[in-house]
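Let me begin by presenting the structure, written as structure tokens, before commenting on it.
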Amino acid sequence: MFSIGDYVIYGYEGVCKVEEIGHPRMSGLDRSREYYRLTPYYRGGTIYTPVDGRIVMRPVIAKSELESLIPALPKLPLLSDVPADGKLAAAYYREILAQHNCRRLLQLCKTLHAKQTELARNRKSVNATDLRNWKTAEEMVYGEFGFVLGMPPTDVKTFLIRALA
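Going by our numbering, the sequence shown opens with residue 23, and the numbers climb by one from there.
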């Protein structure tokens with residue numbers, strides 16, 4: 023269970039702060055369940071989610087873990103088990119996105135980047151499903167890394183390129 027003041031990764035929303043834990047008296051919420059009240063870090067609003075909910079919540083990556091992950095990026099293997107069928111691949115990508123595991127998200131980005139590079143040789147591009155999932159994975163990584171590094175998510179790509187150079 024998280025505590026008030028913790029920063030967490032919540033679903034596709036990304037970084038959120040736990041503002042309150044309790045039984046809110048709001049219509050539409052089960053009053054017998056305990057809820058987190060979350061505030062998204064990068065936008066306004068409030069999210070109420072059950073403490074025992076199904077949406078993945080995890081602590082934001084520790085700075086030390088992030089700092090050890092960055093030098094490992096060049097050796098991070100590509101995903102080798104992506105289904106060839108487009109619909110199965112889309113489901114596979116959604117599963118990775120739903121796990122919110124930084125290493126797997128980076129593998130997804132790296133794999134789709136390699137695929138795009140290969141296709142570009144023949145003047146082709148990745149399909150819309152690949153592109154959408156790639157961009158979602160990037161947004162998730164850049165949002166979390168930006169928060170941990172104290173920089174805007176838009177600067178993370180440049181930071182990673184420089185760190186790997």
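Beta carbons: idealized from backbone N, C-alpha and C, even for Gly.
Short Cβ contact (8 Å threshold) for residue i with residue j
i	j	result
Leu95	Leu153	no
Arg61	Glu41	At residue 61 the sequence reads Thr, which differs from the Arg that was named. Yes, they are a contact pair.
Ala150	Leu119	no
Gly75	Glu166	no
Inter-residue spacing [alpha-carbon to alpha-carbon] between residue i and residue j
i	j	result
Tyr57	Thr133	37 Å
Tyr64	Phe24	20 Å
Glu117	Ile83	19 Å
Gly44	Tyr34	23 Å
Ala112	Val148	13 Å
Asn144	Gln138	10 Å
Tyr29	Leu98	27 Å
Val73	Gly66	21 Å
Supposed close pair residue i, residue j - CB separation, criterion 8 Å
i	j	result
His122	Met162	7 Å
Ile69	Tyr32	7 Å
Lys146	Tyr164	At roughly 26 Å, the Cβ-Cβ gap does not stay under 8 Å, so Lys146 and Tyr164 are not in contact.
Chain C within 8 Å of residue i, Cβ atoms only
i	result
Ala187	Included in the structure is just one protein chain, with no chain C present.
Residue i classed as buried or exposed, judged by whether at least 16 other C-beta atoms fall within 10 angstroms
i	result
Leu100	exposed
* To do: Would you check if there are 3 or more beta carbon pairs closer than 8 Å linking the stretch 167-184 to the stretch 70-85?
  => Judged by Cβ distances under 8 Å, the stretch 167-184 makes contact with the stretch 70-85, as three or more pairs qualify.
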